[in-house]
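The block underneath contains the structure these notes are about, expressed in structure tokens.
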Amino acid sequence: MGDTALSNLFDINIKDSARVFRYRVDISVIDQDENSQSLTAGEESCRKERAENWVKQRLCRMIFDEVLYQTKAFDSPCGKEPFFVYDCKSTLYASNRISYRVEDLAFPRNLWRRELQNHCRYLRFTVRIHFSKPIILNLNDPRFFDEPGKSVGRENHELRTFFELLTNQPIIDNNNAILRTGQIFFKSECAEKKLGISFYHGVKKQCRLVTNGRRNVMKLVIDPLIIPFYTGQSLADSMMEFFDRTGFSRRTVEKFHNVFLSVGLMYRIDRSKVIIFRELSSLPLKDLYFTDEDGKRIFVTQYYKQRYGVVLKALDFPAVVVRHRNNLLYFPPELLEVIPKCVSKENLERVFPGDYILKINAVDPQSRMDLTGKALKIINADSRFYRKFGVAIDSESNIVPVLKATPPTIEFKKSASCPDEKTRFRPGGSFIDPAIPPAVWHIVCGSDVSDDQARDLCDRVCSELARQGRRWPEAKIVPFETTSEDSSMWGNLFDDLLAQRCEFVFFLDKGSTKSHHIIKFCERHFNLLTQHIRVETMDKLTRFYNPVAKTNCKNGGLNYEVVPADNDFARMLDEDRVFVIGYDVAHPTFSVNGRRAPSVVGVSFNSGAQIQAFIGDYFYQNPLEENVDTDQLTEVIYRALKMRVQIRPKASAPELIVVYRDGLSEGQFAMALNDELRGIMSGFRSHYPKVIPQILFVVATKNHNRRFYTMNRRNLSPGSVIRDGAARAFSDEFYMQSAYPLKGTGKATDYEILKNSTSLSPKAIVDITFALCFEHQIVNSATSQPTPTCQAHELAKRGTNNLKIYAKYYPNAMEQSYKVLNEKLSYANSPLGFVRFNA
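Converting from the sequence shown to my numbering requires adding 398 to each position, the first position being numbered 1.
See below:
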């Protein structure tokens, strides 16, 4: 038997006879004015509707429980009551067939139990359950397990959906669940609670059909994590927690507003009413009043006492303000219940450090496995519930076989190196292609940085570059206040540098100076290459190799070459017959003048001065769209191929195109294959109309929930590959741990091969992918994803940051077309686009 590893995938064992009955559920409520509203029709689409959807689902659950109570579980014989899995919308699964003759159920308010009466103000509800037309789901249906799936994007996911709901249900029944898409959190497992925010333990959870030996098996995947939620309590209690720690002042009230901005609030007088928190009153509740139709002044406290008999107590806190037509409506915080939604990163960073969530989730492998086991016990606590559906979760079934990728060889100018067990390799000799030195270069000496520190930087850069095969002239040193946010000062600086024929500039700053983004924006705006380094970083380095490795790449050099283990591919790459592409999409979270920032697509390709030199660009498209604009993608690929020939005139038409697409979920595979690949090939055909290349199209995803460990509960060694026991059934998928984890638990990248028209074997594709993880050129070890993918991610980030700075100084930026933004901010029309400016 070969090597094995532990995973967080657990078999779901299913009895041969197991089947469930699916019913359609329609729920409507009727208000005081006899208006009917469906709770189960329609889909959410905006923030307010998402909050209302949470309220609707909660009410659906309460109504369904009421129906079970009123009908005595649909008149089921004692001891033979069916068990239910309900999605709190329109789908109900039952463990037994329900034999109930009445399909239309109506219950007036006076028959309800007190809990439901207190929850809402509706007069009655109606429920229609189609008992006579159940859909019988065979949990061992060979169409799911044994027959090849349909084409990508058309698979039948009903069985998987059922198991995902099934493994949520016992926790929901125990009122212990907070649900997010693909995640479940346990109210009983709160790691920390302060400032009106609760950090709950939970899991990313998924059920997936995987290949396990010669058969396909349904597995439960659980990966523990901690996420901050707004605490589900009255807003007044959240204010109390917040102000107890921060003090109560105008400044802290503003901070509270910014932290809780956009949270959903449920009105306790009428719990069907949802308010989105946007504004607080400038006066305390005790001083607030409104004027009635007779012109009489009525205080808010007086109104609630007379109308509802409620004596308000949190009188010193501000009220929540809702603007309705031309009126201001005041809602007391003690009558508003916070809907426990996840706190956004932007809001959380107003009261917690930026890396707080990252740190509390960065646990070692043994601790993560312990948390996985604990979460599995919570999910699997009610084994009787699962048995009623003919199902059992096997907690001992998480062992998977491990394969090994063959590492590449790294070649410098005068030596070759083989990576060690941590993928590290020592720089030997000198750069394989040192960049031509600039005739003039500068060091900008930032705020609180001394002239001596700048001269030290110059000496260290020149010394290391000489060791690598190039002698640079001495830099000119320019002092500048890098703490300034005055755009005219920055413009004058870059104008002066260009006037002196500067070709490259180093910025030397203190770590506390936040100047990086404006430096990079000016780099693009003035087309002047920059490199930014902190004094603290410089002081830590005994050797200056890494900063100079960046410098060489930025100026068009190449530090080393990677020789893949697969000889055929290595030969094709060396003969410049391979075109490698990586691309990724980023979704900025900021807005300007109420307009959401566009999404940014980063694209990387080996069109630099050397065959293995990856350069790239980015472009803007519609906000929040994961599918890439194919017309723009076509244009970028055409331009990349054109640059390739311009820089390397001897390059022939590529015979093999290798594409790595980052950050897709399974449901988006068809879009990538049918639309995005078509855009790539359209760009290729525009440049080479008569060439038909081979294609390898791979989706490389880090954002998944599968984890793997050694048998002694440690991180996998780099080069470890997992297929059997984890790869999705009817797909070509593998997981590879390419980088050595420096902290926490490593996560293998998930690679799904969507198209392979080549003769490359599965082993060759693994080795090629592993080799491309060594192409970073700056870090002398493997990265967690292939370099074109990593670089595309960084390019998308650069596009986001450049747009943010542009919008800061030009507020009408969001009103400009994407074509204009791309012309101003992308590198399509910049000479810097021919080099790796983002190294």
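Just so it is clear, CB atoms sit at the ideal spot from N, CA and C, and this is done for glycine as well. Note that the coordinates shown come from a computational prediction; the quantities given were computed from them, not determined experimentally.
>> Among Asn1025, Ala1038 and Lys802, whose alpha-carbon lies nearest the alpha-carbon of Ala1162?
In response: When the alpha-carbon of Ala1162 is set against those of Asn1025, Ala1038 and Lys802, the nearest one is in Lys802.
> Is Val1089 helix, strand or coil by DSSP?
Replying inline: The answer is coil: DSSP assigns Val1089 none of H, G, I, E or B.
> Taking buried to mean at least 16 other C-beta atoms within 10 Å of its own C-beta, is Met460 buried or exposed?
Replying inline: Answer is buried; the Cβ neighbour count reaches 16.
> Where does Gln604 sit, in a helix, a strand or coil, going by DSSP?
Replying inline: Residue state, collapsed to three classes: strand.
>> Among Cys843, Ala864, Ser765 and Asp714, whose alpha-carbon lies nearest the alpha-carbon of Phe829?
In response: Out of Cys843, Ala864, Ser765 and Asp714, Ala864 has the C-alpha closest to the C-alpha of Phe829.
>> Can you tell me whether Lys834 is buried or exposed? The criterion is at least 16 other CB atoms within 10 Å of its CB, across all chains shown.
In response: First, the residue type needs correcting, since residue 834 is Ile and not Lys in the sequence shown. Exposed, because fewer than 16 other Cβ atoms sit within 10 Å of the Cβ of Ile834.
> Grouping DSSP H, G and I as helix and E and B as strand, with all else coil, what is Glu1131?
Replying inline: For Glu1131, the three-state secondary structure derived from DSSP is strand.
> Grouping DSSP H, G and I as helix and E and B as strand, with all else coil, what is Trp888?
Replying inline: Three-state DSSP puts Trp888 in a helix.
> With burial defined as no fewer than 16 other Cβ atoms inside 10 Å of the residue's Cβ, what is the status of Lys948: buried or exposed?
Replying inline: Buried, because 16 or more other Cβ atoms sit within 10 Å of the Cβ of Lys948.
> Rounded to a whole number of angstroms, what is the C-alpha to C-alpha distance between Asp846 and Asp907?
Replying inline: Rounded to the nearest angstrom, the two C-alpha atoms are 8 angstroms apart.
>> Check whether the segment 1207-1219 and the segment 1005-1016 are in contact - that is, three or more C-beta pairs closer than 8 angstroms.
In response: No: the two stretches stay apart, fewer than three of their Cβ pairs being nearer than 8 angstroms.
> Leaving out five residues before and five after Ser443 in sequence, what residues of the same chain have Cβ atoms less than 8 angstroms from its Cβ?
Replying inline: Residue confidence is low: Ser443 scores 47 on pLDDT, short of 50, so the model does not pin down where it sits. Its coordinate-derived value is still stated next. If the five residues before and after Ser443 are omitted, its C-beta is found closer than 8 angstroms to no C-beta atom of its own chain.
>> Determine whether the beta carbon atoms of Leu1031 and Gly1081 lie at a separation below 8 angstroms.
In response: Taking 8 angstroms as the Cβ cut-off, Leu1031 and Gly1081 qualify as a contacting pair.
>> Please classify Leu1039 as buried or exposed, where buried requires at least 16 neighbouring CB atoms within 10 angstroms.
In response: Buried is the call here.
> In the DSSP assignment, what residue or residues form a beta bridge with Tyr1016?
Replying inline: DSSP lists Gly1000 as partners of Tyr1016.
>> Assuming contact is defined by CB atoms lying nearer than 8 angstroms, are Arg541 and Arg606 in contact in what I supplied?
In response: Taking 8 angstroms as the cut-off, the beta carbon of Arg541 is found no closer than this to the beta carbon of Arg606.
>> Given this structure, state the Cα-to-Cα distance separating Val960 from Glu1173, to the nearest angstrom.
In response: The alpha-carbon atoms of Val960 and Glu1173 are separated by roughly 7 angstroms.
>> My parser needs the beta strand (DSSP E) runs of 3 or more residues fully inside the segment 960-1005; what are they?
In response: Taking only runs of at least 3 residues, the beta strand (DSSP E) segments lying wholly in the segment 960-1005 are 976-984 and 997-1003.
> Are the CB atoms of Asp1165 and Thr804 nearer to each other than 8 angstroms?
Replying inline: A contact, by the Cβ cut-off of 8 angstroms.
> How many angstroms separate the CA atom of Pro751 from the CA atom of Leu593?
Replying inline: Take the alpha-carbon of Pro751 and the one of Leu593: they are about 14 angstroms apart.
>> Quick check on DSSP: helix, strand or coil for Asn566?
In response: Three-state DSSP puts Asn566 in coil, outside helix and strand.
> How would you call Ser1157, buried or exposed, if buried means at least 16 neighbouring beta carbons within 10 angstroms?
Replying inline: So Ser1157 counts as exposed.
> If you compare alpha carbons, which of Phe967, Tyr981 and Asp982 is closest to Arg975?
Replying inline: Among Phe967, Tyr981 and Asp982, the Cα nearest to that of Arg975 belongs to Phe967.
>> Going by DSSP in three states, Leu1219 sits in which element: helix, strand or coil?
In response: Residue state, collapsed to three classes: helix.
> What is the rounded straight-line gap between the Cα of Met970 and the Cα of Pro962?
Replying inline: Distance between the alpha carbons of Met970 and Pro962 is about 11 angstroms.
> If we ignore side chains and look at the alpha-carbon of each, how far apart do His985 and Pro480 end up?
Replying inline: His985 and Pro480 have their C-alpha atoms spaced approximately 45 angstroms apart.
> Can you check whether the CB of Asn957 is closer than 8 angstroms to the CB of Gln1175?
Replying inline: Against a cut-off of 8 angstroms, the Cβ pair of Asn957 and Gln1175 comes out as a contact.
>> DSSP has Gly662 in a bridge; who is on the other side?
In response: DSSP output for Gly662 lists Ile674 as bridge partner(s).
> For Ala1124 versus Ser1182, is the C-beta spacing smaller than 8 angstroms?
Replying inline: Ala1124 is not a Cβ neighbour of Ser1182, given a cutoff of 8 angstroms.
> How many angstroms separate the CA atom of Arg445 from the CA atom of Glu652?
Replying inline: The predicted model places Arg445 with a pLDDT of 48, which falls under 50 and marks its position as unreliable; any figure quoted below should be read in that light. Distance from the CA atom of Arg445 to the CA atom of Glu652, rounded to whole angstroms, is 22 angstroms.
>> Just verifying my parser: in three-state terms, what is the DSSP assignment at Ser586?
In response: The three-state reading of DSSP puts Ser586 in strand, counting E and B together.
> Under a Cβ-count criterion, where at least 16 other Cβ atoms within 10 Å of its own Cβ denotes burial, should Met1212 be classed as buried or exposed?
Replying inline: Residue environment: Met1212 is assigned as buried (16 or more neighbouring CB atoms within 10 Å of its CB, all protein chains considered).
>> Beta-carbon within less than 6 angstroms of Leu726's beta-carbon, same chain only, minus the 5 sequence neighbours each way: which residues are those?
In response: Apart from the 5 residues on each side of it in sequence, Leu726 sits with its Cβ closer than 6 angstroms to the Cβ of Val719 in its chain, given in chain order.
>> Determine whether the beta carbon atoms of Tyr421 and Ala504 lie at a separation below 8 angstroms.
In response: Tyr421 places its beta carbon 8 angstroms or farther from that of Ala504.
> Hey, would you say Leu618 sits closer than 8 angstroms to Ile797, going by beta carbons?
Replying inline: The criterion of a C-beta distance shorter than 8 angstroms is not satisfied by Leu618 and Ile797.
>> Using a 10 Å radius around the Cβ and a threshold of 16 neighbouring Cβ atoms, would you call Gly1231 buried or exposed?
In response: Gly1231 comes out buried.
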